[in-house]
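Position one of the sequence shown corresponds to residue -14 (the numbering used here), numbered consecutively onward.
We put the beta carbon where it would ideally sit given N, CA and C, even for glycine.
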Amino acid sequence: DDFLEALSCIMLAQAQKCFYEKAVADGRSHAIVAKLAAECAALYQDAGLKLKAPLLQEAISSEWLAVVDWNRALFDGVQNYYAATALGEAGEYGACVSRLTHAVNRTAEAVNMCQRHSAALQKQFRDAHALAKDAHAKAKKDNDSIYFDRVPPYATLPKLPRHALVKPLRPEGLDVPPPEAPPSPEKPDIIGAAAAFGAASLDGTPPPPSFDEASSAGVEDLVAMGFSKEAASAALAQCKGSVQEAAALLVDS
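Okay, here's the thing in structure tokens:
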């Protein structure tokens, strides 16, 4: 379901954001924070794309998509702000200025998008923009007056590495086995049905004995009368199974 996938992306992004905020509060290195922020940006971007599906746009509030867009712009800027610090320390001053320029622009977009909402909500966006703006002003001044490093276009810079600390987990209670396929219809057992029909008549009386059974019983009757088994069998065959006619034939012979 598209809606459930979109919700999953939003929850993952919010959870990743918690790890990002904790890393900032714990004073983690800018290189680590940049990777966490890059994952946040990617998750919010994915959530935004899913929420913009035509069917979902008609079914959900536009505020959902707005909040996702704010955070997508924010973390696109924030990841570049923290990555720029590492570039400056590595002596890549031009790339540092390029990333900070992008960070200032994207955090400014986030501030503009949420400016109609409460001041408490806007604070994180304004604080991020202020950090990027101050860092950009200092880096640009140093590069213009000291380093004179060429500032490459942002589009030519490589994508930043990401580090995910969250992943979706499926609760065990939802792992319901798929329903079993219905049994295929069995072919009617015509032979078995015929045998069952022969086993008993409609009125419940037992079926008549077979020819072989009747002949065997007739031979035994004739043998009991004193005739040999061979003569009894021949007489029954000649009289078509009639014990009386066979007995008369044997007496007359």
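Taking all protein chains shown into account, do 16 or more other C-beta atoms lie within 10 angstroms of the C-beta of Cys81, making it buried, or fewer, making it exposed?
-> buried
Have a look at Lys108, Leu21, Ile45 and Asn128 and flag the residue whose alpha-carbon is nearest the alpha-carbon of Arg147.
-> Leu21
Lys7: buried (16+ other C-beta within 10 angstroms of its C-beta) or exposed?
-> exposed
Does DSSP put Tyr(-4) in a helix, in a strand, or in coil?
-> Tyr is not the amino acid found at residue -4; the sequence shown has Met there. Three-state result, Met(-4): helix.
Can you name, in chain order, every residue of its own chain whose Cβ lies under 6 Å from the Cβ of Val63, other than the five neighbours on each side?
-> Ala22 and Ala113
Simplified DSSP state of Glu165, which is helix, strand or coil | coil
Could you tell me if Gln30 is buried or exposed, where buried requires 16 or more neighbouring beta carbons within 10 angstroms of its beta carbon?
-> buried
Could you tell me which uninterrupted beta strand (DSSP E) segments, each at least 3 residues in length, are contained entirely in the region 211 to 235, listed from first to last along the chain?
-> none
What's the gap between the Cα of Val89 and the Cα of Trp49?
-> 24 Å
For the region 62 to 148, list the alpha helix (DSSP H) runs that are entirely contained and at least 4 residues long, ordered along the chain.
-> 78 to 98 and 104 to 127
Just checking, does the region -14 to 3 make contact with the region 43 to 58 on the three C-beta pairs under 8 Å criterion?
-> yes
Reduced DSSP category for Asp31 - H, G, I as helix; E, B as strand; rest coil | helix
So Phe212 and Leu235 are in contact, right, with Cβ under 8 Å, and what is the actual spacing, rounded?
-> 5 Å
To the nearest angstrom, how far is it from the Cα of Leu142 to the Cα of Phe110?
-> 24 Å
Best match in Val204, Asn65, Ala27 and Lys125 for proximity to Lys214 [C-alpha to C-alpha] = Val204
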